[in-house]
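With the first letter of the sequence shown counted as 1, position 84 gets the number 84 in full-length UniProt numbering; the numbers rise by one all the way through.
Worksheet for the structure shown next.
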Amino acid sequence: MWESIRRWFDPRELRSVGSTPDYRFSLANERTFLAWLRTGLALVAGGLAAAQFLPPLPLRHLREAIAIALLLLGGAVAVRAVDHWARTERAIRLGEELPASRFPAVLALTVGLGALLLVVAVLLRALGGR
Numbered sequence: 001m002w003e004s005i006r007r008w009f010d011p012r013e014l015r016s017v018g019s020t021p022d023y024r025f026s027l028a029n030e031r032t033f034l035a036w037l038r039t040g041l042a043l044v045a046g047g048l049a050a051a052q053f054l055p056p057l058p059l060r061h062l063r064e065a066i067a068i069a070l071l072l073l074g075g076a077v078a079v080r081a082v083d084h085w086a087r088t089e090r091a092i093r094l095g096e097e098l099p100a101s102r103f104p105a106v107l108a109l110t111v112g113l114g115a116l117l118l119v120v121a122v123l124l125r126a127l128g129g130r
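Next comes the structure, spelled out in structure tokens:
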């Protein structure tokens with residue numbers, strides 16, 4: 001694990017494997033990395049917004065749980081982005097198959113489940129307010 005993390009910060013290590021690829025592939029990989037990074041930042045911003053601006057919800061500490069979940073998910077997305085970028089860049093340089101990832105599907109399911117839980121919380125509040 002520490003070896004992988006060290007590679008993220010050592011461009012010489014990355015350039016020492018394989019051959020220099022067509023720059024368009026490296027730039028596409030970098031754009032994908034930046035898109036994932038923006039997603040992580042958006043989740044972190046959503047977590048901060050939830051902590052600061054959501055009114056108290058019907059379930060005790062639900063607002064805080066939502067904020068913490070979004071913050072943790074945003075951090076996980078950012079770390080996953082840099083790891084996937086490094087693994088993909090290495091595969092491109094070695095002419096190997098690109099690394100497969102279940103992370104996009106897991107993230108989509110997590111966001112969808114979170115949205116469903118929020119719908120339930122909003123409905124509970126609306127019905128409890130009558």
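The C-beta atom is built at its ideal place from N, Cα and C for all residues, glycine as well.
Query: Is it the case that the Cβ atoms of ILE92 and PHE25 are separated by a distance below 8 Å?; Result: yes
Query: Measuring alpha carbon to alpha carbon, tell me which of PRO99, ALA76, GLY47 ends up nearest LEU62.; Result: GLY47
Query: Out of LEU43, ARG15, GLU89, which one is the CA nearest neighbour of LEU27?; Result: GLU89
Query: In three-state DSSP terms, what is GLU97?; Result: coil
Query: Assign TRP36 to buried or exposed, taking buried as 16 or more other Cβ atoms, counted over all protein chains shown, within 10 Å of its Cβ.; Result: buried
Query: Where does HIS84 fall in DSSP's three states?; Result: helix
Query: If I measure Cβ to Cβ from LEU59 and keep anything under 8 Å in the same chain, skipping five residues before and after, which residues do I get?; Result: ALA121, LEU124
Query: Can you tell me the Cα-Cα spacing of ALA65 and ASP10, whole angstroms?; Result: 36 Å
Query: Closest to LEU54 by CA distance: which of ALA42, VAL44, ALA67 is it?; Result: ALA67
Query: GLY40 and ALA78: beta carbons closer than 8 Å?; Result: yes
Query: With a threshold of 7 Å, establish whether the CB of GLY40 neighbours any heavy atom of the ligand FAD.; Result: In the structure shown, the ligand FAD is absent, as is every other ligand, since no ligand is present at all.
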